[in-house]
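Protein chains: 2
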Amino acid sequence: MSQIESILKNSTLSVTTGRKRILEIFLSSNNALAHQDIESQCADEYDRVTIYRTLQTFLEKGIIHNIPSTDNITRYALCNEACIVSGHHHDNHVHFKCDSCGKTVCLDEVTIPKVQLPKGYTMKEINMVVNGVCKTCR
Amino acid sequence: MSQIESILKNSTLSVTTGRKRILEIFLSSNNALAHQDIESQCADEYDRVTIYRTLQTFLEKGIIHNIPSTDNITRYALCNEACIVSGHHHDNHVHFKCDSCGKTVCLDEVTIPKVQLPKGYTMKEINMVVNGVCKTCR
DNA sequence: ATGATTTTGCAACAAAGTTGCATTCCCTGT
DNA sequence: ACAGGGAATGCAACTTTGTTGCAAAATCAT
Ligand SMILES: [Mn+2]
Ligand SMILES: [Mn+2]
Ligand SMILES: [Zn+2]
Ligand SMILES: [Zn+2]
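Next comes the structure, spelled out in structure tokens:
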């Protein structure tokens, strides 16, 4: 059984060609992908709606996580391990978006530092996104 | 001269009723606002396109900053001081989005902690967004 | 292999964002 | 106070993005 198939099986998802293709696109990319990025790679093979639904499914199953940004475009990246605990992701790495090449990457080795919230606030998820210039663009 | 007018004047913007109205909406709100939030408060007075253009102008002038989120909705909040330096904002406070009431707020008193990027990466802006339950919803 | 269940494609729709252009408004100088 | 030039606005048309219902197709357990 291939890596791709076991990812799907482990998440109790049926193995369909569409899901395998989208997973393959993620695995062969070294940066985060927006819906549009995926669509432009397989719009001839799969319907737009299928891509939306597949991304949604992957999110819920903890196969991918989404990365916030100020440009109104949510990007997605593979989760390293099973990272769904009681309904929400617990990724704890920093994300970086390059102002020059536009690419967004997971900085898996950079952990989000702790932060003290004011009294009364409960923390479920935390996201940190850094903008700047990446190492290939400088 | 009113507070609202001086904000516009200080940013070398002409004082129009639309800009004053949108500023007023921000000033009277205690949470961050999405385009849609503003539109629903003044759609009868001003065109959708004007709101888009006004938010864009305010952003560029450093009157408001935008807050990233994973739900594909950018929200905006007033900047505390002039926070535009060489073309980019330098807000350094944490943002909080409540999963219960959906409101996003600036935690002005919580400073984003420093983080060490890998070699070769240059930091321009940094954003931190925490999800959870706010003090009024718990 | 068969049938129940899930996934997909299609169509239709709704919402969000963009652009060009004519009109209106604001500001400056007189 | 007024006129003229430049900036902002409204409107229309359009593109892009996201959603929903339903019938056809694919997947999976038996
Ligand atoms: Mn990541
Ligand atoms: Mn803020
Ligand atoms: Zn780059
Ligand atoms: Zn709340």
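Residue numbers (the numbering used here), protein chains in the order written: chain A, 8 to 145; chain B, 8 to 145. Even glycine gets a Cβ: it sits at the ideal position worked out from N, Cα and C.
Bridge partners - residue i, DSSP secondary structure assignment
i, result
"tyrosine 83(A)", "Leu40(A), Asn73(A)"
"phenylalanine 33(B)", "The partner list for phenylalanine 33(B) (beta bridge, DSSP) is empty, contrary to what the question assumes."
"histidine 102(A)", "Cys113(A), Val136(A)"
"histidine 97(B)", "Beta-bridge pairing links histidine 97(B) to no other residue."
"threonine 23(B)", "Paired residue(s): none; threonine 23(B) is not in a bridge."
"threonine 129(A)", "Val140(B)"
Unbroken alpha helix (DSSP H) run spanning residue i, endpoints
i, result
"serine 13(A)", "10–17"
"arginine 60(B)", "55–68"
Under 9 Å by beta carbon: chain B residues contacting residue i
i, result
"arginine 55(A)", "Residues of chain B passing the Cβ test: none, with the nearest at roughly 16 Å."
Listed by chain order, chain B residues near residue i by CB distance under 7 Å
i, result
"threonine 129(A)", "Gly139, Val140, Arg145"
query: Among all residues, which have a Cβ less than 5 Å from at least one non-hydrogen atom of ligand 4, and in what chain order do they fall?
result: Cys105(B), Ser107(B), Cys108(B), Cys141(B), Cys144(B)
- request: Please write down, chain order preserved, every residue whose beta carbon lies under 5 Å from a heavy atom of ligand 2.
  value: Ala84(B), Cys113(B)
- prompt: Got a sec: which bits of the segment 73–88 of chain B sit with their beta carbon under 7 Å from any beta carbon on chain A, in order along the chain?
  reply: Asn73, Pro75, Ser76, Thr77, Asn79, Thr81
Contact residues within the segment 131–143 of chain A, judged by C-beta distance below 7 Å to chain B: Lys131, Glu132, Ile133, Asn134, Met135, Val136, Val137, Asn138, Gly139, Val140, Cys141, Lys142
task: Return the residues of the segment 98–123 of chain B that lie within a Cβ-Cβ distance of less than 8 Å from chain A, sorted by chain order.
output: Val101, Phe103, Asp106, Leu114, Glu116, Val117, Ile119, Pro120, Lys121, Val122, Gln123
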